[in-house]
Amino acid sequence: MSTATVNPADVERVVREVLVRHLGARSAPASVRESGIPILRSVTEPTPAAVAAASRRPLVVNISARHVHLTQEHVEILFGPGAKLTPEKDLYQDGYFAAKETVAVVGPRRRMLPNVRVLGPCRPDSQVELAFTDGISLGIDLPVRISGDVKGTPGCVLMGPHGVVELQQGVIRAMRHVHMGPEDLEYYGVRDGDLVHLRVESPSCTTVLEDLAVRAGKGIKLEVHLDTDEGNAVNLERAVQVELVKPKPCACGH
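Here the sequence shown is numbered in numbering that gives the first Met the number 0, starting from 0 and rising by one per residue.
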């Protein structure tokens with residue numbers, strides 16, 4: 000039989016539909032890092048709409064390397080009057096991008112992390128997100144925070160080709176988290192701010208990461224963000240399966 004006219008996209012769609020019908024209440028197929036690694040979703044009797052949404056919206060697990068968010072004011076100080084961030088690569092979430100611009104991050108030990116990527120678009124407050132080992136290198140005791148929660152956090156110096164910005168606060172280690180849209184919240188039975196677990200099965204390194212914060216919003220794609228330390232610790236690059244799990248309540252009812 001000739002397969003010259005078979006559309007690969009149609010084949011994938013049919014396979015997904017068959018898997019959803021057979022696995023429905025137990026799990027739904029998806030992929031990680033757009034690489035085809037299967038995702039098992041731990042759910043109980045999801046609605047038909049949620050199952051359909053899961054088949055359309057694969058879970059992606061991405062490593063979020065060190066990066067900087069800047070205000071427009073700081074962009075112009077660092078890169079020159081009238082400067083704007085130049086998109087170089089779109090990120091997985093629509094509307095966000097890695098910019099061509101980079102800065103050097105200088106800590107209290109006068110140690111420097113060069114060429115730290117700036118992410119866009121601009122934000123109301125500048126912020127630096129680092130891994131734990133980055134903090135050790137710079138001499139900064141990094142607090143674990145949700146992105147945007149920078150009150151009372153350490154500062155640093157940012158150096159650009161045109162100028163320097165001294166941040167009084169804004170250096171954090173981002174709490175590991177999962178972005179979810181409304182259909183994903185329904186599918187997993189969670190709400191914004193809840194904590195879930197991520198089980199990563201990889202060769203000789205199967206690990207459960209607890210306390211992933213749920214971050215919800217409309218128009219959001221289902222995506223887990225780990226930092227480089229966490230990704231390396233679970234051997235994410237060689238993962239064969241991952242699973243998002245809603246924690247069971249303890250005996251005390253909490």
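Where is the CB? At the ideal position from N, CA and C, for every residue including glycine.
Would you mind sorting I145 into buried or exposed? The rule is 16 or more other CB atoms within 10 Å of its CB.
Answer is exposed; the Cβ neighbour count stays below 16.
Between V105 and R65, is the Cβ-Cβ spacing less than 9 angstroms?
With a cutoff of 9 angstroms on beta-carbon distance, V105 and R65 are scored as not near each other.
On the DSSP letters alone, give me the boundaries of the alpha helix (DSSP H) that H73 sits inside.
Note, H73: alpha helix (DSSP H), 71-78.
Using only alpha-carbon positions, find the residue among L69, I171, L157 that is nearest to T132.
Relative to T132, the option among L69, I171, L157 whose CA is nearest is I171.
Run through DSSP, which three-state label would G94 get?
It is coil, neither helix nor strand.
Would you check if the distance between the CB atom of V207 and the CB atom of V177 is smaller than 9 angstroms?
Contact: no.
L235 burial status per 10 Å Cβ neighbour count (16 or more: buried)
By the neighbour-count rule (16 or more Cβ atoms within 10 Å), L235 is buried.
Am I right that F96 and P160 are in contact with their C-beta atoms under 8 angstroms? What's the rounded C-beta distance?
20 angstroms between Cβ atoms; not a contact.
One or two residues paired with H176 in a DSSP bridge:
Beta-bridge partners assigned by DSSP to H176: A212, H224.
Please classify P86: does DSSP put it in a helix, a strand, or coil?
DSSP places P86 in strand when its eight states are reduced to three.
C-beta contact flag for E229 and R190 at 9 angstroms:
Result no, Cβ atoms of E229 and R190 do not sit closer than 9 angstroms.
Starting from E242, follow the beta strand (DSSP E) in both directions and report where the run begins and ends.
For E242, the uninterrupted beta strand (DSSP E) run begins and ends at 240-244, by DSSP.
Nonlocal neighbours in the same chain, by C-beta distance under 6 angstroms from P153, ignoring five residues either side:
The answer, listed in chain order, is I139, V170.
Could you pull the DSSP bridge partners for H66 from this structure?
Looking at the DSSP assignment, H66 forms a beta bridge with R116, E128.
Out of curiosity, what's the CA-to-CA distance linking S201 and G81?
A straight-line Cα-Cα distance of about 47 angstroms links S201 and G81.
Please report the Cβ distance between Q168 and G151, rounded to the nearest whole angstrom; I am assuming they are in contact, meaning their Cβ atoms lie under 8 angstroms.
Contact holds; Cβ gap of about 7 angstroms.
Can you tell me where the alpha helix (DSSP H) with E185 in it begins and where it stops?
Note, E185: alpha helix (DSSP H), 181-187.
Going by DSSP, what residue range makes up the beta strand (DSSP E) through V149?
Run containing V149: none; DSSP gives neither H nor E here.
So what does I171 bridge to, in DSSP terms?
Residue pairing of I171 in beta bridges, as defined by DSSP: E128.
Best match in E182, M111, G162, A130 for proximity to L310 [C-alpha to C-alpha]:
What the structure shows of the chain is the stretch from 0 to 253, and residue 310 is not part of that stretch, so it cannot be assessed.
Does DSSP put N234 in a helix, in a strand, or in coil?
Reduced to three states, the DSSP call for N234 is coil.
Rounded straight-line distance, which links the Cα of K245 to that of Y187
For Y187 and K245, the distance between alpha carbons rounds to 7 angstroms.
Terminal residues of the continuous beta strand (DSSP E) containing H267?
With the chain running from 0 to 253 in the structure shown, residue 267 is simply not present.
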